[in-house]
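To start, the structure itself, in structure tokens.
Residue numbers (my numbering): 12 to 81.
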């Protein structure tokens, strides 16, 4: 049973919605979101996950390109 199934709340400052995704804390902090999590994983609600995806699009594209085989 994961932390989302246990009912974890969003770790972004001033947000108290239910979490839907858990991600690596350092990757979330690199996108500019202010998180109050000290562990390896950060829980994000649906709205903040959408914001994370928008901000990290370029990084994720570069990461996928590294593993692309021609």
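From the three backbone atoms N, C-alpha and C, an ideal C-beta is built for every residue, glycine too.
Note that the coordinates shown come from a computational prediction; the quantities given were computed from them, not determined experimentally.
Burial state of residue i, where buried means 16 or more other Cβ atoms lie within 10 Å
i	result
residue 30	buried
residue 22	buried
residue 132	One cannot answer for residue 132 here, as it falls past the ends of the chain, which runs 12 to 81.
residue 16	exposed
residue 19	buried
residue 73	exposed
Residue i, enclosing beta strand (DSSP E) - first and last residue
i	result
residue 46	Residue 46 -> no beta strand (DSSP E), and no H or E assigned at all.
residue 53	52–55
residue 33	32–35
Among the options, the one whose alpha carbon lies nearest that of residue i
i	options	result
residue 28	71, 56, 73 and 38	56
Cβ neighbours of residue i in the same chain (closer than 6 Å, five flanking residues each side left out)
i	result
residue 32	55 and 60
CA-to-CA distance, residue j to residue i, given in whole angstroms
i	j	result
residue 14	residue 40	19 Å
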